[in-house]
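Asks: Chains A and B are the protein sequences, given in the same order. Residues 244 to 475, numbered by my numbering, are exactly what the first sequence covers, in order. Residues 244 to 475, numbered by my numbering, are exactly what the second sequence covers, in order.
There are 2 protein chains.
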Amino acid sequence: MKSAPQSSAPGSNARASGGKAVVVRGLMHGLLRGHWRGGDRIAEIQAAERFDVSRTPVREALLELAGLGVVELRRNCGAVFLPFGPKELRDIYAVRSLLEEEATRLATNRIDPELLVQLHGGLVMLRETQAEDSGWRLDRRLHSVIAAASGNPRLAGEIARYGDLVQSVREVVSDTLRHIHSTSTADHLRILEELQACSPEAAAAAMKAHLAQAADSAVAALEAAGTGTREV
Amino acid sequence: MKSAPQSSAPGSNARASGGKAVVVRGLMHGLLRGHWRGGDRIAEIQAAERFDVSRTPVREALLELAGLGVVELRRNCGAVFLPFGPKELRDIYAVRSLLEEEATRLATNRIDPELLVQLHGGLVMLRETQAEDSGWRLDRRLHSVIAAASGNPRLAGEIARYGDLVQSVREVVSDTLRHIHSTSTADHLRILEELQACSPEAAAAAMKAHLAQAADSAVAALEAAGTGTREV
DNA sequence: ACCTTACGGATTGCATACAATTTGTCAACC
DNA sequence: GGTTGACAAATTGTATGCAATCCGTAAGGT
Chain A
244 MKSAPQSSAP GSNARASGGK AVVVRGLMHG LLRGHWRGGD RIAEIQAAER FDVSRTPVRE
304 ALLELAGLGV VELRRNCGAV FLPFGPKELR DIYAVRSLLE EEATRLATNR IDPELLVQLH
364 GGLVMLRETQ AEDSGWRLDR RLHSVIAAAS GNPRLAGEIA RYGDLVQSVR EVVSDTLRHI
424 HSTSTADHLR ILEELQACSP EAAAAAMKAH LAQAADSAVA ALEAAGTGTR EV
Chain B
244 MKSAPQSSAP GSNARASGGK AVVVRGLMHG LLRGHWRGGD RIAEIQAAER FDVSRTPVRE
304 ALLELAGLGV VELRRNCGAV FLPFGPKELR DIYAVRSLLE EEATRLATNR IDPELLVQLH
364 GGLVMLRETQ AEDSGWRLDR RLHSVIAAAS GNPRLAGEIA RYGDLVQSVR EVVSDTLRHI
424 HSTSTADHLR ILEELQACSP EAAAAAMKAH LAQAADSAVA ALEAAGTGTR EV
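1. Is it the case that the region 361-369 of chain B contacts the region 395-413 of chain B, given that we only count it when at least three CB pairs across the two stretches are under 8 Å?
2. Is the Cβ of alanine 455 of chain B closer than 8 Å to any Cβ of chain A?
3. DSSP three-state call for leucine 316 of chain A: helix, strand or coil?
4. Please go through the same chain and pick out, in chain order, the residues whose beta-carbon is closer than 6 Å to the beta-carbon of valine 266 of chain B, but skip the five residues on each side of it.
5. Please tell me whether serine 393 of chain B and leucine 358 of chain B are closer than 8 Å, where the distance is taken between their beta carbons.
6. From A:Ala429, A:Glu414, A:Leu325 and A:Arg404, pick the residue whose C-alpha is nearest to that of leucine 369 of chain A; which is it?
7. Step through the CB atoms of chain B and report whether any lies within less than 8 Å of the CB of alanine 337 of chain A.
8. In terms of residue numbering, what span does the beta strand (DSSP E) encompassing alanine 322 of chain A cover?
9. Would you mind working out which of A:Arg384, A:Glu343 and A:Gln289 sits nearest leucine 454 of chain A, comparing C-alpha positions?
10. Taking the alpha-carbon of glutamate 466 of chain B as reference, which of B:Val416, B:Glu401 and B:Met271 has the nearest alpha-carbon?
11. Any Cβ of chain B within less than 8 Å of the Cβ of arginine 268 of chain A?
12. For the candidate residues B:Ile335, B:Val360 and B:Arg383, whose alpha-carbon lies nearest to that of glutamate 437 of chain B?
13. Would a check of beta-carbon distances place proline 443 of chain A closer than 8 Å to chain B?
14. Flag this pair as touching only if the region 277-297 of chain A and the region 274-290 of chain B have three or more C-beta atom pairs under 8 Å; answer yes or no.
15. Can you list, in chain order, the residues of the region 285-309 of chain A whose Cβ is nearer than 9 Å to any Cβ on chain B?
16. Considering Cα atoms alone, identify which of A:Arg318, A:Pro329, A:Ala337 and A:Ile288 is closest to alanine 399 of chain B.
17. Between alanine 509 of chain A and glycine 269 of chain A, what straight-line distance do the alpha-carbon atoms span, to the nearest angstrom?
18. Where does isoleucine 354 of chain B fall in DSSP's three states?
19. From the beta carbon of leucine 275 of chain B, is the nearest beta carbon of chain A less than 8 Å away?
20. Specify, as a first and last residue, the run of the alpha helix (DSSP H) that glycine 281 of chain A falls within.
21. What residues in its chain sit with their C-beta under 8 Å from that of isoleucine 434 of chain B, if we drop five residues either side in the sequence?
22. When you compare the CB of glycine 328 of chain B with every CB in chain A, is at least one pair closer than 8 Å?
23. Please classify arginine 276 of chain A: does DSSP put it in a helix, a strand, or coil?
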């Protein structure tokens with residue numbers, strides 16, 4: 244069945260936001276919304292018709308998703324979705340927390356104090372103005388700055404990769420994920436304070452607590468969004 | 244050079260050993276051996292001629308290397324190598340150690356004791372027969388089993404990814420990396436003993452020590468192999 | 001003289017055609 | 001009747017051609 248109710252909503256103007264990116268988002272969307280389930284095979288030509296592109300961007304999208312750990316590629320045997328339910332999302336946050344805790348530890352005593360002041364000011368302003376729409380920008384910037392201050396670009400790269408992955412999930416289930424930014428501002432302030440106090444373990448613990456709460460919110464949103472998401 | 248006719252006439256089966264894998268290994272080899280340096284742009288068509296393939300497998304190879312964090316892709320701006328010297332290799336091992344320590348912690352009290360006995364027997368047999376040629380198989384199997392026993396497939400997947408990355412490095416610099424397996428057997432036995440004793444922190448510490456030694460060996464081999472490898 | 005803008009070359013991104021491999025099916029054989 | 005072999009359909013991997021985009025250059029206007 245390929246009734247394609249959503250295939251390139253803007254009609255033939257899908258090139259506007261790029262071909263591969265559309266396929267990546269579309270496949271991710273379908274997986275999170277339960278249109279596909281873990282273990283399902285992805286036929287390249289069907290996906291190409293589904294998104295109104297050729298097989299080339301589909302193949303590249305599958306390679307990108309394989310790099311993100313969302314699909315699995317088998318030589319000459321096609322691609323299959325990996326399961327992606329609450330359990331998998333918690334696993335993702337577990338790895339992310341591991342990476343970011345270590346980055347926070349390493350960033351202590353290395354991060355530029357001026358950056359801390361700058362981020363702190365931004366958070367306070369955000370809390371006062373209640374500008375929730377742009378909160379995610381400051382959120383990602385904070386995590387990015389801490390990761391970069393770890394002195395390990397490889398670690399920072401992995402953190403960025405997981406940030407992108409979580410961002411992709413957020414974009415799909417964003418309808419029920421608007422409220423978390425206000426609550427996470429307090430967590431962010433706590434992390435910055437511990438960094439200013441040069442307490443590596445306390446800062447890492449604050450980061451861990453922050454991500455634990457973020458994981459709870461994300462899992463709740465996923466369960467609310469993926470109506471039919473049932474894992475094997 | 245490439246005066247190879249490549250007679251791409253549809254009738255000629257000049258495919259050497261063709262494909263994406265060759266390009267991936269070739270680019271990795273060139274980067275580790277210093278033929279390319281961090282920051283160098285990769286022109287798709289040049290790489291295609293260099294490896295006697297078309298642009299398609301080159302593009303897919305670049306996507307795969309981007310997933311491994313070896314190159315960086317920029318929209319409509321080509322791909323550039325990321326630096327890969329001793330510092331970067333140590334960063335890789337730092338992340339790998341972080342992941343495998345956590346997996347070891349989680350695997351304690353979860354791993355099947357029978358697997359431990361089986362791995363232990365294999366290691367003892369390996370130590371007695373001095374069969375160094377097949378040591379890396381048991382090495383990878385041990386790490387894989389521990390990762391799988393963590394109960395977090397996402398974590399296990401990241402560990403496998405880093406195992407593949409390190410394996411790629413080993414294949415390039417293997418000439419000077421033959422001796423490490425005998426030394427690492429003792430480390431492996433130590434890890435298994437701590438797992439059998441159900442001591443999460445001790446097992447994680449043993450894994451950390453093992454990977455620290457592996458990192459030293461790998462960095463030494465890279466410095467010996469990459470004659471002209473100089474980072475910015 | 002400096003800045004703006006139009007053009008040319010080169011490179012990436014996508015679409016399509018072909019070759020190679022895998023998988024499913026059916027018939028012949030043990 | 002079960003198993004194995006080959007054949008056919010489908011799918012993946014690769015090659016090539018074309019369109020879109022970006023960078024460098026040079027000409028023209030203020």
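Cβ coordinates follow ideal geometry from the N, Cα and C atoms, glycine included.
Replies: Put simply:
1. No, because fewer than three Cβ pairs between the region 395-413 of chain B and the region 361-369 of chain B fall closer than 8 Å, the two stretches do not touch.
2. No, alanine 455 of chain B lies away from the interface with chain A (no Cβ there is under 8 Å from its Cβ).
3. Looking at leucine 316 of chain A - three-state DSSP - the assignment turns out to be strand.
4. Hits under 6 Å: Phe294, Pro300, Val301 and Ala304.
5. One thing to note: serine 393 of chain B has its Cβ no nearer than 8 Å to the Cβ of leucine 358 of chain B.
6. It is A:Ala429 whose Cα lies nearest to the Cα of leucine 369 of chain A.
7. At least one chain B Cβ lies under 8 Å of alanine 337 of chain A.
8. 321-324 is the extent of the beta strand (DSSP E) around alanine 322 of chain A.
9. Looking at A:Arg384, A:Glu343 and A:Gln289, the one whose alpha-carbon comes closest to that of leucine 454 of chain A is A:Glu343.
10. When each option's Cα is compared against that of glutamate 466 of chain B, the closest is B:Val416.
11. Not an interface residue.
12. The shortest Cα separation from glutamate 437 of chain B among B:Ile335, B:Val360 and B:Arg383 belongs to B:Val360.
13. Interface flag for proline 443 of chain A against chain B is unset, since no Cβ pair is found closer than 8 Å.
14. Contact fails between the region 277-297 of chain A and the region 274-290 of chain B, because fewer than three Cβ pairs, one in each stretch, are under 8 Å apart.
15. Residues passing the 9 Å Cβ filter: Thr299, Arg302, Glu303, Leu306, Glu307 and Ala309.
16. Here the closest residue by C-alpha is A:Ala337.
17. Residue 509 of chain A lies beyond the stretch modelled for chain A, which goes from 244 to 475, so this question has no answer here.
18. In the three-state reduction of the DSSP assignment, isoleucine 354 of chain B falls in the coil class.
19. Judged by the 8 Å Cβ criterion, leucine 275 of chain B is not in contact with chain A.
20. Per DSSP, glycine 281 of chain A lies in no alpha helix (DSSP H) segment and is marked neither H nor E.
21. Counting only residues of its own chain and dropping the five nearest sequence neighbours on each side, isoleucine 434 of chain B has a CB closer than 8 Å to the CB of Thr347, Leu385, Ile389, Ala446, Ala449, Met450 and His453.
22. Not an interface residue.
23. Arginine 276 of chain A carries a coil assignment under DSSP once its states are collapsed to helix, strand and coil.
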